[in-house]
Amino acid sequence: MPTFDFDLFVIGGGSGGVRAARMAAQRGARVALAECAELGGTCVNVGCIPKKLYSYAASYADAFTESEGYGWQFDSPPRFDWNVLKANRAKEIRRLNGIYRSLLEGAGVTLIQGWAQLADAHTVQVGDRRCTARHLLIATGGMPFVPEVAGREHVVVSDAMFDLDPFPKRLLVVGGGYIACELASIFNGLGAKVTQLQRTAHLLNGFDEDVRQFLAKEMGRVGIDIRFNCEIDMITRLDSGLCALLSRGQRVESDAILYATGRVPNTQGLGLEAAGVELDERGGVVVDKHYRSSVPSIYAVGDVSTRQQLTPVALAEAMAVVDALFGAGPRTLDYEFTPTAVFTHPNIGTCGFTEAEARAKFGKLDIFSSEFKALRHTLSGSGERTFMKLIVERKTDRVVGLHMVGPEAGEIVQGFAVAMRAGATKQVFDRTIGIHPTVAEEFVTMREPMPG
Ligand code: NDP
102 MPTFDFDLFV IGGGSGGVRA ARMAAQRGAR VALAECAELG GTCVNVGCIP KKLYSYAASY
162 ADAFTESEGY GWQFDSPPRF DWNVLKANRA KEIRRLNGIY RSLLEGAGVT LIQGWAQLAD
222 AHTVQVGDRR CTARHLLIAT GGMPFVPEVA GREHVVVSDA MFDLDPFPKR LLVVGGGYIA
282 CELASIFNGL GAKVTQLQRT AHLLNGFDED VRQFLAKEMG RVGIDIRFNC EIDMITRLDS
342 GLCALLSRGQ RVESDAILYA TGRVPNTQGL GLEAAGVELD ERGGVVVDKH YRSSVPSIYA
402 VGDVSTRQQL TPVALAEAMA VVDALFGAGP RTLDYEFTPT AVFTHPNIGT CGFTEAEARA
462 KFGKLDIFSS EFKALRHTLS GSGERTFMKL IVERKTDRVV GLHMVGPEAG EIVQGFAVAM
522 RAGATKQVFD RTIGIHPTVA EEFVTMREPM PG
């Protein structure tokens, strides 16, 4: 039996890697984790956490305006200081980096700072240090992808958006996915004039069609100039900023151009292929249902391998690997009812299938939907509207899709996701007593399916 320096060597200190390292160490495994940057990965440093903080910052703009309908008056208009927000965010992220470090150290994980490369199926090289491990876990996440375009050197990706200097008064966003929509909403709320370009006719590929259309309407209503079926041919720098020449011959001038055109797995330079690890066409690690790669000692979790690039999915996959290696044994995850939110203004919250997916999978459906102005906006003066939709499999009465565009949709849908995971039927929803007056009660009071 060969002896190894460690039972588990984790490459990557983001959500999945830290969770796996900490939980494995707590179960008595000898664990090392290598990270070349700050602990916490994309989520903590340049993703979910700063994004949500900036989303809160943007929401104050509406709150100040809307409060006047409730009797609040300001002697002078509120003023936004971008530098204060950046500094406070940076301080909070440093605090979180520190917490990640102490959680790992507290669990007894050996932290190694540096770029790790596989030497073989059980050996990792980090700088001068060579370590062997019984199992290796690749948790290196992903990175933004920018397509080839003339003038590409002038654009920024989401990683840079939290520290832009100066604040972009005019922002051009390319893409119609999660990141493009969230950052368009945030910078619009913070006071930028935002133009968003999407190459197809709809935002948010993969979301329910009604949700996509409703969100586009709401984003347009608050002043985001969304242009569909539109791409950039060329970008040039002018004295007054950047100029994007669009495929339809139009020009858009801006202070910054964000490309949010998807993310690709971080697998370059890790020595994976030399170690025999199979990669897919996106460069992601191919894994089986227990997250094991084509090399039996090497596992992968999170954005480096998964198709659902979401922090909670990486955490769940990491726990499954730890259970397989140091716990009760292998188990599989069910991805079908993964809830997700898009922190646009208003938010999207969604769980289960879109109407089109449900129709293809289940056949006959009953669709319930509602669009209304929330009570809050009767006095606020805001034109914001809320949209909710339930998709029910007619044969079993099970609620197989639940979608919302509206305030706190992420918070609301998280609760309903438990019911959906438990297989709740429409009858269970109907028997559930609402909480009045809330926006969420609409989900348990929709009685009449849409005709047809
Ligand atoms: P997405 O895959 O969500 O969206 C990419 C967008 O870019 C799409 O609109 C796509 O268009 C467009 N696009 C792709 N290639 C090109 C190109 N060559 N030229 C022009 N447009 C292009 O990626 P994101 O970068 O927004 O986010 C990556 C992932 O991160 C998300 O899928 C999500 O899983 C995760 N994420 C989750 C968040 C959350 O949970 N709230 C927040 C942020 C990210 P088309 O629709 O035509 O394909």
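For the working numbering, count along the sequence shown from 1 and bump the result up by 101. For glycine and all other residues, C-beta sits at the position ideal for the given N, C-alpha and C.
The three-state reading of DSSP puts Q351 in coil, since its state is none of H, G, I, E or B. Put simply, the residues with a CB less than 6 Å from any heavy atom of the ligand NDP are P248, V275, G276, G277, G278, Y279, I280, A281, E283, Q299, R300, T301, N306, E332, A361, T362, G363, R364, Q410, L411, T441, A442, V443 and F444, in chain order. In this structure, A191 lies away from V423, with their beta-carbon atoms at least 8 Å apart. In the displayed model, M262 falls within a helix according to three-state DSSP. Judged by DSSP secondary structure, V323 falls outside any beta strand (DSSP E); it is assigned neither H nor E. Here DSSP, grouped into helix, strand and coil, assigns R235 to strand. Cβ neighbours of G428 within its own chain (closer than 7 Å, five residues either side excluded): R128. Measuring C-alpha to C-alpha distances from Q351 to each of P366, V365, Q369 and R328 identifies R328 as the nearest. In the DSSP secondary-structure assignment, G115 is not bridged to any residue. Following the DSSP letters along the chain, one finds C144 inside the alpha helix (DSSP H) bounded by residues G142 to V147. In this structure the segment 332-339 does not touch the segment 363-371; the number of beta carbon pairs closer than 8 Å is below three. The segment 443-460 makes contact with the segment 502-517; the number of CB pairs closer than 8 Å reaches 3 or more.
Unbroken beta strand (DSSP E) stretches of 3 residues or longer found wholly inside the segment 476-524: 487-494 and 500-507, given in chain order. Rounded to whole angstroms, the Cβ separation of M521 and G453 is 6 Å, and the two are in contact under 8 Å. Contact check for L238 and V402: beta-carbon distance about 7 Å, within the 8 Å limit, so the pair qualifies. The Cβ neighbour count for G117, taken over all protein chains shown within 10 Å, is at least 16; the residue is labelled buried.
At least 8 Å separates the beta-carbon of D326 from that of T301. Q528 sits exposed, since fewer than 16 C-beta atoms from the chains shown fall within 10 Å of its C-beta. Here the alpha carbons of V274 and Q299 stand approximately 9 Å from one another. When the beta-carbon positions are compared, A234 and R123 stay at least 8 Å from each other. DSSP links C344 through a beta bridge to T337 and E354. Nearest in C-alpha terms to E456, of all of A442, V500 and I112, is V500.
Assignment of F107 by DSSP, reduced to helix, strand and coil, places it in the strand class.
As DSSP reads the structure, I399 sits in a beta bridge with L237. With a threshold of 16 other beta carbon atoms within 10 Å, E543 meets it and is buried. Using a Cβ distance threshold of 8 Å, A357 and A281 do not count as a contacting pair.
For the pair C344 and E332, the CB atoms are not nearer than the 8 Å cut-off. T407 and S168 have their C-alpha atoms spaced approximately 43 Å apart.
The beta carbon of G114 sits closer than 6 Å to the beta carbons of L134, E136 and L140 from its chain, once the five residues preceding and following it are set aside; these are given in chain order.
Closest in C-alpha terms to V545, from the list I492, G292, E193 and S203, comes I492. Under the DSSP assignment, S286 falls in the alpha helix (DSSP H) whose first and last residues are Y279 to G290. Each of I468, F469 and M489 was checked against the Cα of A475, and the nearest Cα belongs to M489. The criterion of a C-beta distance shorter than 8 Å is not satisfied by L186 and A220. Nearest neighbour of R532 by Cα position, chosen from R548, T539 and V519, turns out to be R548.
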